[in-house]
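Okay, so here's the structure we're looking at.
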Ligand SMILES: [Zn+2]
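Protein chains in written order, with the UniProt record's numbering: chain A, 1 to 99; chain B, 1 to 996.
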């Protein structure tokens, strides 16, 4: 069972308190009616499916209830960092040391 | 005849224990395992093999044994197949039965498989059972099912219970041999909290089999007693009978502790096993090494045993496994087994060594005992039907196998060297490195905060294990910032040694007649592995699946390295180039009970009950699970079956008044200055103009445009909405709302609160609903004019604070009365009393479904399936198309959603109204078109309608809205049913009754 750091609670807690919520930084168009079918298709269905560090969302569902972002290595299943929703996407180069 | 040596071993010679094996009453001693007790009675033959039904004996003295699997029972409910006789401690009255044999272990008809062995070569599953196709159902599957599996499954409910517990420690030490004990001592002396676990009934590991070793001048077993006392004094939590069965992320280790299996009687309320989930700051893996068999013809005959196991049975259990043994080895360690057995009175006919160079001290010790040492020899066969009688050995010179000689014996003790137990390390995805000199994989790159010590990293001997364990324990404590010193141990009479690894041993016999087993449990031979390579398998993972080697319940603990050596040889590659298969948890077979823990029976899942549930139960309701709720399905009277009860409930509701517990509806309170804007963005409908005090049916989509949920929503005030959701969708809808609110529209000032459990909801439906309700209401005029359809208001009902909805999910005049949950039962009873003069009738979910189907109201998840748009479902009117955006609005413009040919929800009326369709049945446009016939849809809901006096159905049909009046066909097993497409609004289509 993973231990996950909730950036809102600032506590590292068992995975059972959290729910995975898909890839992070998939932005929904501000005015969806103005985007092309291709843009909307990509928003709905296209995901990076990376082998390695993956930007993804989690929800501290049995805790504070907040959605937050994380970088998790899909090979080692290790969290490189977690950060608040809306915070800028951290560069991988800043995270390599934590792998 | 007894093979017990009086006074020897750690068993209690003064405490005999009676048990049975295949019905025969036998005697063992307290402290025995079932295996040692059987061997003490001269019994080696304990089972038949899985595929060939070959007679098999005890091979090891530990949990890695591939053969000694028996059925054990304590009483009729406590029956377990595949108990490992080498692990099961003897208890009074233990009943053990051999497996995979009929009618008896000695005469087994399945043994015919052994003669048919050429048919069962590698990959036979893939080759044999493919064709002809129609043989699968009638021939292959029944045969495979009967033959597959080891032992019989229990038939009764397990009467035991299983516990689970969490623990947090500084240092967890897995394995309590010399390395583990030294690690625990070193860490605990520094003040760290330490847990030390071992799968055996007592700590000691290899020390239990090596009583001749002295540590600091103290005999091994006295040192062990001192160490146990110090561990206790230091507060170390020592858990014997506990297998570290899985090593999970971030140093969580799963432990399975056997609590009662060794006890003569089970104490009341004691769990049989306890699953521990331990989170350790540091882990020390000290699981030692496992001895490998050698691979030669007939190496699976009963009486062929690992040399180290024979040594353990002798020194720990006081059992001499033979009168006359032969040792075959490629490792020094087997010499000590031979010496100990010879010293205990057994004749050792010879030590057959595959190596040419043998240490002088071993040669001279053998000579001193009169044991012949045959260097540069091979074993080429064994004889004996149910127990080995002789072994055929040949000298090997310059790669040539010379003439054989026969050695008579009643046991053959083999050693192919030792494999570090890397299973838990592998669970962590730790990297392994091939040690070319030791010809084994050793732990290399670590992924977790762990140390691996002793034989687990290829160190051999008690002294080396103690020193390495002490170092690992001190390092673990040091890593936690503690001052730890590394204790030193002076070991004398240590018996360290070296050896070499082999593929199958060389032979002078026709290779096609050789049966040299690699994997005993799955009956895989060296020949099978070479055949797999010839047939194109290149990776060890392919070889494994093609031959099934290493895929039995022992996960190839004995066989993996031997299989790899042979595959590598066949491929002309080095072992690391071929690779090792992945070990996965659990380390040893673990009961479902231990994993389930407390989560069984009524505790398997939460059962949510409404405040009105006790009334339903008292009045004979039949319940059904809906999501996690238990809901009253119908209320049978007298001898009524479901159809009769449902018909009566529906007729009474349409004729007068029915009462229904709707408390399970999901409820979400949406409040805040931006509540209306939030609602506009989440639901398809327009909300701005909905006045406070009014209700609206809301539809929720996903951003892909498909219907996700629906429900009636009330505007309570300018900034407050009372949202209802489907019973099963409540948590999902709240999650979706939170997701968009937190991450897409964090600027909106809105609060979301689940209120599902805060409200009890009672639905009253029927032409007399107002007559029943009106006298109970205070503070609100509920006349049709003052409180019309789709109104909501707070008031008092039966003296209880209430929120009253006027709506209809039945097509009749209807109300939903919400009261605080604690008043739910009082409200229900007040309405039952008030409704008595009108024959008020409680109805359940089945009638609710039927009544709504007569009106064509959808149930999300039954009439929709996640690929249905609101237009498909006939809900296009609910779209606020003038809005700038709502979830799914853009999705509805996707090319595939606006294209022709979509499946649309329609009503279906069978041509013969007495025929009811089956839900899920497929629909075709033509009655008799050639096969395969295009399916144009399926039935989603189907009922016998009391109101219409005929069957009705709803269906998703391709372009269904344009097919009104057309006939479609529903092919069933014995007939084709014709049905006409119609509006699903079957009953009171103008809706006058609900508005009355
Ligand atoms: Zn949190």
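Every residue, glycine too, gets a C-beta built ideally from N, C-alpha and C.
Practice problem: Grab me the residues of residue 85(B)'s own chain with a C-beta within less than 8 Å of its C-beta, minus the 5 sequence neighbours each way, in chain order. | Solution: Spatial neighbours of residue 85(B) in its own chain (CB-CB distance under 8 Å, excluding positions within 5 residues in sequence) are listed in chain order as 33, 34, 35, 38, 46, 58, 65, 68, 69, 70, 96.
Self-check item: is_contact[residue 628(B), chain A] using C-beta, thresh 9 Å
Solution: Taking a beta-carbon distance threshold of 9 Å, residue 628(B) does not count as an interface residue toward chain A.
Quiz prompt | Positions along the segment 734-760 of chain B whose CB lies within less than 8 Å of some CB in chain A | solution = Along the segment 734-760 of chain B, the positions whose C-beta sits under 8 Å from a C-beta of chain A are 735, 738, 739, 742, 743, 744, 746, read in chain order.
Exercise. Kindly say whether residue 252(B), judged by its beta-carbon, lies nearer than 9 Å to any beta-carbon of chain A.
Key: Yes, residue 252(B) counts as interfacial toward chain A.
Quiz item: Sorted by chain position, which residues of the same chain lie with C-beta nearer than 6 Å to residue 842(B)'s C-beta, five sequence neighbours on each side aside?
Solution: 635, 659, listed in sequence order.
Quiz item: Bridge partners of residue 83(B), per DSSP?
Solution: Its beta-bridge partners are 70(B).
Quiz prompt | Residues passing the C-beta test against ligand 1 heavy atoms, cut-off 5 Å | solution = Residues with a Cβ closer than 5 Å to any heavy atom of ligand 1, in chain order: 6(A), 8(A), 9(A), 60(A), 63(A), 64(A).
Quiz item: Would residue 232(B) be called buried (16 or more neighbouring beta carbons within 10 Å of its own) or exposed?
Solution: Exposed is the label assigned to residue 232(B), since fewer than 16 other Cβ atoms lie within 10 Å of its Cβ.
Practice problem: Kindly confirm or deny that the segment 679-692 of chain B and the segment 653-667 of chain B touch, where touching means at least three C-beta pairs closer than 8 Å. | Solution: With a cut-off of 8 Å on Cβ pairs, the segment 679-692 of chain B is not in contact with the segment 653-667 of chain B, counting fewer than three such pairs.
Quiz item: Less than 9 Å separating the beta-carbons of residue 225(B) and residue 287(B)?
Solution: Judged by beta-carbon spacing, residue 287(B) lies beyond the 9 Å limit of residue 225(B), meaning their Cβ atoms are not closer than that value.
Quiz item: Using the C-alpha atoms, what's the distance from residue 421(B) back to residue 99(A)?
Solution: Per-residue confidence for residue 99(A) stands at a pLDDT of 43, beneath the threshold of 50, marking its modelled position as unreliable; no derived number is given.
Quiz item: Excluding sequence positions up to five away, which residues of its chain have a Cβ less than 6 Å from the Cβ of residue 852(B)?
Solution: 809.
Self-check item: Contacting residues, own chain, Cβ-Cβ under 8 Å from residue 246(B) (five flanking each side not counted)
Solution: Cβ within range, chain order: 253, 254, 424, 427, 585, 586, 587.
Practice problem: Please name the residues in the segment 880-909 of chain B whose beta-carbon is closer than 9 Å to at least one beta-carbon of chain A, in chain order. | Solution: Under the 9 Å Cβ criterion, the segment 880-909 of chain B contributes 884, 885, 889, 890, 891, 893, 894, 895.
Quiz item: Taking Cβ to Cβ, would you say residue 189(B) is nearer than 9 Å to residue 484(B)?
Solution: For residue 189(B) and residue 484(B), yes; Cβs fall inside 9 Å.
Exercise. Taking 9 Å as the cut-off, decide whether the C-beta atoms of residue 868(B) and residue 908(B) are in contact.
Key: Their beta carbons are not under 9 Å apart, which means residue 868(B) does not touch residue 908(B) by this criterion.
Practice problem: In the DSSP assignment, find the unbroken beta strand (DSSP E) run with residue 255(B) in it and report its ends. | Solution: For residue 255(B), the enclosing beta strand (DSSP E) starts and ends at 252-258.
Quiz item: Among 417(B), 493(B), 299(B), which one has its Cα closest to the Cα of residue 459(B)?
Solution: Of the listed residues, the one whose Cα sits closest to residue 459(B) is 417(B).
Practice problem: Note the first and the last residue of the continuous alpha helix (DSSP H) segment covering residue 895(B). | Solution: Start and end: 895-898.
Quiz item: DSSP state of residue 724(B), grouped into three classes?
Solution: If DSSP states are grouped into helix, strand and coil, residue 724(B) belongs with the strands.
Quiz item: Three-state secondary structure (DSSP) at residue 155(B)?
Solution: Here residue 155(B) sits in coil by DSSP.
Quiz item: Under 9 Å between C-beta atoms, does residue 40(A) make it to chain B?
Solution: Chain B, which has a Cβ nearer than 9 Å to the Cβ of residue 40(A), makes this yes.
Quiz item: So is residue 67(A) in contact with chain B if we call contact Cβ pairs under 9 Å?
Solution: Yes - at least one Cβ of chain B is within 9 Å of the one on residue 67(A).
Quiz item: Apart from the five residues just before and just after residue 996(B), which ones in its own chain have a Cβ nearer than 6 Å to its Cβ?
Solution: The beta carbon of residue 996(B) sits closer than 6 Å to the beta carbons of 813 from its chain, once the five residues preceding and following it are set aside; these are given in chain order.
Self-check item: Opposing strand residues paired with residue 6(A) [DSSP bridges]
Solution: Partner(s): 11(A).
Quiz item: Going by the CB atoms, is the gap between residue 194(B) and residue 182(B) shorter than 9 Å?
Solution: In this structure, residue 194(B) does not lie closer than 9 Å to residue 182(B) by Cβ.
Self-check item: Same chain, Cβ closer than 8 Å to residue 64(A), five either side skipped, listed in chain order
Solution: Result list for residue 64(A): 6, 8, 9, in chain order.
Quiz item: What whole-angstrom Cβ distance do residue 700(B) and residue 710(B) have, given they're in contact under 8 Å?
Solution: Contact flag correct, Cβ pair sits at about 7 Å.
Practice problem: Could you tell me which residues DSSP puts in a beta bridge with residue 956(B)? | Solution: Among the bridge pairs identified by DSSP, residue 956(B) is matched with 905(B), 938(B).
Self-check item: One or two residues paired with residue 791(B) in a DSSP bridge
Solution: Paired residue(s): 694(B), 806(B).
Exercise. Kindly say whether residue 248(B), judged by its beta-carbon, lies nearer than 9 Å to any beta-carbon of chain A.
Key: With 9 Å as the cut-off, residue 248(B) counts as an interface residue toward chain A.
Quiz item: Got a sec: is the Cβ-Cβ distance from residue 98(A) to anything in chain B below 9 Å?
Solution: Low confidence applies to residue 98(A): its pLDDT is 49, below 50, so where it sits in the model is not reliable, and the reading given next is rough at best. No - not a single Cβ of chain B is within 9 Å of the one on residue 98(A).
Practice problem: For the beta strand (DSSP E) holding residue 19(A), just list the boundary residues, first then last. | Solution: Run containing residue 19(A): 19-23, per the beta strand (DSSP E) assignment.
Quiz item: Span of the beta strand (DSSP E) holding residue 405(B)?
Solution: Taken as a continuous stretch (DSSP letters only), the beta strand (DSSP E) holding residue 405(B) covers 405-408.
Quiz prompt | Under 8 Å by beta carbon: chain A residues contacting residue 429(B) | solution = Going along chain A in sequence order, the residues near residue 429(B) (Cβ under 8 Å) are 76.
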